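J.:
Chains as they are written, first to last, in this note's numbering: chain A, 789 to 1347; chain L, 789 to 1347.
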């Protein structure tokens, strides 16, 4: 039985547009001989629809859209392949959450059957228990008979609870066991599994293990594309009953993969590199391109400081939407080095993007004049310090936002995760912008990515940007390391504290200096208010700031 | 049996401080003859601890703190009342989430028993399924024998699922039924139930109904105080077996209520008004005071525009932390009316707070000069418009943040919910600030609150501020109603769309003009990016922006 995996890139909430994507992909699969077609999870609404699901008017429209799509497919392809379509299903039981996260078995022009997701991820960026009632994983309840075969339909997390694979299971039931008990001959999985670093290796290994353990072929259809902070990396696949990868769709791109589910015909196997910087590059480019497109922007702008962060952001933006659509803005102050300006101009020239230069010294003087009397009255004897540095940064934020407002280009903010973690950034200043695309990359990862970019795109980032000491250039001779531990130390501590959920004592036990650890953890805590007002970025790490980071503000520091 | 309800105001994450609050309240209760003491839900960590719970080092500390507290109480009060203490309990089963949301029965110097919350709210601002494994609501499993009585321990939501009370139940089980099956003679409830408008009437009615239906007395101990966006209103109570309120603690203040659980001794019954503006006033004052205190601020500042919003915010701030700790900043532009300045000065004088005045015209000219060439090049022929209005607002934001940075006073932002809903506000401009205390009040609610303030505090808000047409004063002669529908219409549409989850067609069916509804819903959708970067506010409505509002950004508009 040939199965078509419709790896589409939906827009959240755009049921008509997403149905059209499914139709087009279905037609391609049918033309390639597919007898059955599978979409990603919640394909009709796009994943994650989040609180749109709290609007019953929205959910009714999704259901009606599914029924209409089923009818249209039959009209265009009479007797064609069944479609297993991800769509929220209203819960008519009168108890519990209003919806199920369902797979709709569409055949002969109608929705014939629904299978409901049993395991609802409610951790990190996932909030499924907020919206959905779990389906019951009863023996055979997820098995559909189709053209002489017994096919088990599962949805994403349903496959992620094998008791032999996971040392710690999150759920007491396993829908795969229910499928096996029901005599399933193959496992189908509708998925919306977002990218994070090292996820694909885990995912492929886990899917292989489940297929091999059950001795069943497994077809896995993942969503692709950027939706806010999440980038879905596709890589839909068919595994053989021995666990081997029999066919794999493209990573980070739309695709339709048609492969034989039971037979021995070799499928198409897209190459799939797992080098961290290469993966990050693909994720950032796709995530940025989709965020702009799905928000209705065609142009972007950013401030170029001469540093590594803005250089990398510029390179991503140019790759995502083309150099002609990206503007770099130089806003030198008296503390800017000549190198910063030259390096920025060289970068822009290498990338082929336009620049504008607007010195900010007159505005700095204007703010000094406006504030000096108040400062003298309210804080007598205090000299210039962080306040004045922040003023510079906020002048630049105002200029950039003015250009954004005037031209309709989205302002990209350029801060990295190390800065955002410890608050080495100015709220309403350099944090201004609609999308913070490298805000989940630690500084050391930014450097590695820059080297990768230069390797694959030619030396677009000038060597000088790669080798100079990082500096905010907000006072004469300043460097980041005046205020922060060396980045390799800082980043290693942050990885343990932010991504492994370790408290200070555990990090010290791992071999770091107690005073440095205490200082870093304190900085992280007291920058929480900045992160609360930060622009969304692209999730790269296992655990990231953003929608999956829910820390209290008016709280005591962690121990 | 006399029971002490320890209505404390914990700081999230401050286990040592919260244990000290419990100890002090316990001592008061014991001195008043209590034989049993009850804390709020998760009293030792404060509620909601949010992602602090993902740190095992934090949870271990909480558990150790509970054991130490039990021992200290016994040492100080040998043979004293048992304490039922809210605290997270590690899940040692090796499966599922790492924690239970538990009540610890502390007696004789140790934790004798734990009872686990069975119903885990996962909606709106609540994320309990993210952290906790549910307890099992087995017959009698939540019943503790103590001094000859069978007492059922429940935690917050556990009481909120009576099948006769609720037309739509969220959970299939009811811990109260398990308690009754176990022969319970009274229901105890540890709660952290946040304030929202009309919640207290529902809560008291529901608790009465549960007590009366089961014919059991009910003791309910609620948390009090502001924790980030949530204000907990206290109002702990004892209900008799007929449902009547036998005793009630203070609203919006710490309290220890000691009352007879089974006897007929009348308890203390604090007066409790439910006038909406009066409740809002108490919630805002407590929420603002606690946010500042728990973040370590003693001073606040805000921009005074001469409008109703900043007037109300100033009045709340003065009530919360004292006039001597609040600074008002006037930043007139050429478009500011003389009335705005006079009204602001009169307001400040009435409230007894200091002001500073900083005209912004020179800075507006500075930005014009910095930007004119770029505007001419990038947007030829475009005249002044929203961009220039935003620049003014961002100049003010920069000045206010500079004063905040220099003086260590928290900047209060003054926007209301109507503005924030439709995006009638400038990101990084008037949205700048650490706390947006009226951001969950629609404009019409702000007016009603202003009249309430004048009624209870004397005419502190000048009449002129109450009667003039609302205006952002960002261009000559501007009023809000140039851009927006009349506020009574706008607010009514927003209430349906934001708080009743109605889509446009439903709102039109309720009698509103289709074109106006479509425009308002579109504005709400396209202001989502501003709300993503907004300061936290105080939750007042049933459904609010903030942590319980989780909308996608790069998404299609709702139907």
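Just so it is clear, CB atoms sit at the ideal spot from N, CA and C, and this is done for glycine as well. Predicted model, so just to flag it, every value in this text is computed and none were measured.
Could you name the residues of the same chain whose beta carbon sits closer than 7 angstroms to that of residue 1104 of chain A, not counting the 5 residues immediately before and after it, in chain order?
T.: Hits under 7 angstroms: 1072, 1073, 1076 and 1225.
J.: Take residue 1316 of chain L as the anchor and find which of L:1283, L:1341 and L:1049 has the nearest alpha-carbon.
T.: It is L:1341.
J.: For residue 912 of chain L, count neighbouring C-beta atoms within 10 Å of its own C-beta (all shown protein chains included) and say buried if the count is 16 or more, exposed if not.
T.: With 16 or more Cβ atoms within 10 Å of its Cβ, residue 912 of chain L is classed as buried.
J.: At which residue ranges does the stretch 960-1045 of chain A contain complete alpha helix (DSSP H) runs of 4 or more residues, listed in the order of the chain?
T.: Runs found: 963-969 and 987-1002.
J.: How is the alpha helix (DSSP H) around residue 1113 of chain A delimited, first residue to last?
T.: Segment: none, residue 1113 of chain A is in no alpha helix (DSSP H) and carries neither H nor E.
J.: Got a sec: which bits of the stretch 940-972 of chain A sit with their beta carbon under 8 angstroms from any beta carbon on chain L, in order along the chain?
T.: Against chain L - using a Cβ distance shorter than 8 angstroms - the residues of the stretch 940-972 of chain A are 956, 957, 958, 959 and 960.
J.: On the three-state DSSP scale, how would you describe residue 1346 of chain L?
T.: Three-state DSSP puts residue 1346 of chain L in coil, outside helix and strand.
J.: What are the boundary residues of the beta strand (DSSP E) that residue 791 of chain L is part of?
T.: It spans 790-795 - the beta strand (DSSP E) in which residue 791 of chain L sits, taken as one unbroken run.
J.: State whether the stretch 1298-1310 of chain A contacts the stretch 1323-1338 of chain A, with contact taken as three or more CB pairs (one from each stretch) at a distance under 8 angstroms.
T.: With a cut-off of 8 angstroms, the stretch 1323-1338 of chain A and the stretch 1298-1310 of chain A do not count as touching, because too few Cβ pairs lie within range.
J.: The stretch 1132-1154 of chain L: which residues have C-beta closer than 7 angstroms to a C-beta of chain A, in chain order?
T.: Answer in chain order: 1144, 1146, 1150, 1151 and 1154.
J.: Which one of L:1179, L:1192, L:1193 and L:1184 has the shortest CA to CA distance from residue 1190 of chain A?
T.: Comparing Cα-Cα distances from residue 1190 of chain A to each of L:1179, L:1192, L:1193 and L:1184, the minimum goes to L:1179.
J.: Answer yes or no: does any C-beta atom of chain A fall closer than 8 angstroms to that of residue 1320 of chain L?
T.: So yes, residue 1320 of chain L belongs to the interface.
J.: Would residue 1095 of chain A pass as an interface residue toward chain L - the criterion being a Cβ-Cβ separation below 8 angstroms?
T.: It does not: the Cβ of residue 1095 of chain A has no partner Cβ on chain L nearer than 8 angstroms.
J.: Here's a check: name, in chain order, each residue in its chain whose Cβ is nearer than 6 angstroms to the Cβ of residue 1213 of chain A, leaving out the five neighbours to either side.
T.: So the list reads 1203, 1207 and 1219, once near-sequence residues are dropped.
J.: May I ask which residues mark the beginning and end of the beta strand (DSSP E) holding residue 1182 of chain A?
T.: Element bounds for residue 1182 of chain A: not the beta strand (DSSP E) but the alpha helix (DSSP H), 1174-1195.
J.: Cα-Cα, which of L:1052, L:1003 and L:816 is closest to residue 1046 of chain L?
T.: Closest by alpha carbon: L:816.
J.: Go ahead and pull the three-state DSSP assignment for residue 1204 of chain L.
T.: Correct three-state label for residue 1204 of chain L: coil.
J.: Closer than 8 angstroms, CB to CB, is residue 1344 of chain A near chain L or not?
T.: With 8 angstroms as the cut-off, residue 1344 of chain A counts as an interface residue toward chain L.
J.: Compare the C-alpha of residue 899 of chain L against each of L:929, L:921, L:861 and L:926 and name the closest.
T.: That would be L:861, whose Cα lies nearest to the Cα of residue 899 of chain L.
J.: Measure the Cβ-Cβ separation of residue 967 of chain A and residue 937 of chain A and say whether it is below 8 angstroms.
T.: The answer is no: Cβ separation not under 8 angstroms.
J.: Within 8 angstroms (strictly less), CB to CB, does residue 1179 of chain L reach chain A?
T.: Yes, residue 1179 of chain L counts as interfacial toward chain A.
J.: Just to confirm, are residue 1115 of chain A and residue 1144 of chain A a CB contact at a threshold of 8 angstroms?
T.: Contact flag set, yes.
J.: Roughly how many whole angstroms lie between the Cα atoms of residue 1155 of chain A and residue 1187 of chain L?
T.: If you take the alpha carbons of residue 1155 of chain A and residue 1187 of chain L, they lie about 8 angstroms apart.
J.: Assuming contact is defined by CB atoms lying nearer than 8 angstroms, are residue 931 of chain A and residue 972 of chain A in contact in what I supplied?
T.: Yes, these two residues count as a Cβ contact at 8 angstroms.
J.: For a contact meaning CB atoms closer than 8 angstroms, what does residue 1207 of chain L contact in chain A?
T.: Within chain A, no residue comes near residue 1207 of chain L; the closest Cβ sits about 17 angstroms away, beyond 8 angstroms.
J.: Within its chain, find whatever has a CB closer than 6 angstroms to the CB of residue 1016 of chain A; leave out the 5 residues flanking it on each side and keep chain order.
T.: 1324, listed in sequence order.
J.: Could you tell me which chain A residues have their CB closer than 7 angstroms to the CB of residue 842 of chain L, listed as they occur along the chain?
T.: By Cβ distance, chain A contributes 1289.
J.: Here's a check: name, in chain order, each residue in its chain whose Cβ is nearer than 6 angstroms to the Cβ of residue 1001 of chain A, leaving out the five neighbours to either side.
T.: Cβ within range, chain order: n/a, list empty.
J.: Taking the CB atoms as reference points, tell me whether residue 1327 of chain L and residue 984 of chain L lie closer together than 8 angstroms.
T.: Yes.
J.: So residue 1162 of chain A contacts chain L; which residues on that side make the cut at Cβ distance below 7 angstroms?
T.: Result: 1144, 1146 and 1191.
J.: Closest Cβ-Cβ distance between residue 1175 of chain A and chain L: below 8 angstroms?
T.: True, the Cβ-Cβ gap to chain L drops below 8 angstroms.
J.: Provide the residue span of the alpha helix (DSSP H) that contains residue 1081 of chain L, from first to last.
T.: It spans 1064-1083 - the alpha helix (DSSP H) in which residue 1081 of chain L sits, taken as one unbroken run.
J.: To which residues does DSSP link residue 903 of chain A through a beta bridge?
T.: Per DSSP, A:891.
J.: So does residue 790 of chain A have its beta carbon nearer than 7 angstroms to some heavy atom of the ligand MN?
T.: Summarising the ligand content, the structure contains no ligands, and the ligand MN is consequently not present.
J.: Counting only Cβ-Cβ distances shorter than 8 angstroms, please list the residues of the stretch 1326-1344 of chain L near chain A, keeping chain order.
T.: From the stretch 1326-1344 of chain L, only 1335, 1337, 1338, 1339, 1340, 1341, 1342, 1343 and 1344 have a Cβ closer than 8 angstroms to chain A.
J.: Does residue 1220 of chain A come within less than 8 angstroms of chain L when only Cβ atoms are used?
T.: True, the Cβ-Cβ gap to chain L drops below 8 angstroms.
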